[in-house]
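Asks: Heads up, the sequence shown is in my numbering, so the first residue is 88 and it goes up one at a time. Virtual Cβ for every residue (Gly too), placed ideally from N, Cα, C. Everything numeric in this text was worked out from a predicted model, so none of it was measured. Input: one structure, supplied below.
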Amino acid sequence: MSGLDDLKFSAEQFSGIAPLFPLPNLVLFPHVVQALHVFESRYREMIEEVLKGDRLLCLGLLSRGWQQDYEGRPPVESTVCLGRLISHHRREDGTYNVLMVGLSRARIVEELAPSRSYRQVRLRLMDDQSLSDDEEISQRCERLQRDLMERFQQHLPASKASFQQLENLLGNHISLGMLTDLVGYSLDASVWTKQTLLCELDACRRAELLLNYLRRQTGDGETAESNDFPPRFSIN
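Structure representation (structure tokens):
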């Protein structure tokens, strides 16, 4: 597979079971590409097996306290991102450099009994909530999308390349859900901030959370329309 084929994903053809790659310092979102260096023997075995099949695996955030049982099966946050390997390079020492694209949010239903050195889980895929056809709500979402794009532009490094990439996104008329995932992934925020965004299935609410975060980074005390959000985001 290559190009747009890597982004094609049929939920109906997904078996519901995927290898689990738990990490303590990374949250993957749909629509984004992440580079990974895989060096532990159990996860090298996982990559080898994944490459023989549909190339699907899920990336999950290790829960707090994972250090106590890292070599075993430490707890993982239940909301994960299912992704696909789109490129790989096996190094002379047996480690892998891979590129993984996020495809869908998912919830861990259960972890399978150990049969390999790596972990496997049964997943329930989760789509964003459908946007209402109500005109007032549609206008609100459009406003949030414009505001988020403007705030994110202010937050980007002042380089021509950054602004060009942003304008390319605008030109492609991406959805609000995709925009929130791209912005959330790009921010230099804590993994718990990003996990909160991954768990949120309402794209408008994700946009409000992101706007509040970006406003705090620029010292603007103004907040988005709703004020019943989780505690303030932490910062790396």
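What does the alpha-carbon distance come out to for the pair histidine 176 and leucine 263?
Replies: Whole-angstrom Cα-Cα distance: 34 Å.
Asks: Quick one, which of Glu295, Ser165, Arg233 has its alpha-carbon nearest arginine 194's?
Replies: The shortest C-alpha separation from arginine 194 is found at Ser165.
Asks: Which residues does DSSP pair with isoleucine 173 in a beta bridge?
Replies: None, per the DSSP bridge assignment.
Asks: Under 8 Å: do the stretch 148 to 157 and the stretch 218 to 237 share three or more Cβ pairs, one atom per stretch?
Replies: Judged by Cβ distances under 8 Å, the stretch 148 to 157 makes no contact with the stretch 218 to 237, as fewer than three pairs qualify.
Asks: Considering just the uninterrupted stretch of the alpha helix (DSSP H) at alanine 290, what are its terminal residues?
Replies: That run of the alpha helix (DSSP H) goes 290 to 304.
Asks: Decide if lysine 281 is buried, meaning its Cβ has at least 16 other Cβ atoms within 10 Å, or exposed.
Replies: Per the 10 Å Cβ criterion, buried.
Asks: Quick check on leucine 284: does DSSP put it in helix, strand or coil?
Replies: Helix.
Asks: Put histidine 412 into one of helix, strand or coil per three-state DSSP.
Replies: As shown, the chain starts at 88 and ends at 323. That puts residue 412 outside it, with no answer to give.
Asks: Does DSSP classify glycine 159 as helix, strand or coil?
Replies: Coil.
Asks: Taking DSSP as the reference, what is the three-state secondary structure of arginine 131?
Replies: In the structure shown, arginine 131 sits in a helix (DSSP, three-state: H, G or I).
Asks: Keeping to the same chain, check which residues put their C-beta closer than 6 Å to that of proline 162; ignore five residues upstream and five downstream.
Replies: Here the set comprises Ser150.
Asks: Which whole-angstrom value is the C-beta distance of phenylalanine 116 and leucine 285, which I expect to be below 8 Å?
Replies: Yes, phenylalanine 116 and leucine 285 are in contact; Cβ-Cβ is about 6 Å, under 8 Å.
Asks: Can you tell me which of the three DSSP states isoleucine 104 falls into?
Replies: Three-state DSSP puts isoleucine 104 in a strand.
Asks: Give me the Cα-Cα distance between proline 296 and arginine 209, rounded to the nearest whole angstrom.
Replies: Correcting the residue identity first, residue 296 is leucine in this sequence and not proline. Rounded to whole angstroms, leucine 296 to arginine 209 spans 29 Å at the Cα level.
Asks: Since valine 278 and valine 114 should fall inside the 8 Å C-beta cutoff, what is the C-beta to C-beta distance between them, to a whole number of angstroms?
Replies: So it is a contact: roughly 5 Å between Cβ atoms.
Asks: Checking 7 Å against the spacing of the C-beta atoms, do leucine 186 and arginine 171 come in under that value?
Replies: Not a contact, by the Cβ cut-off of 7 Å.
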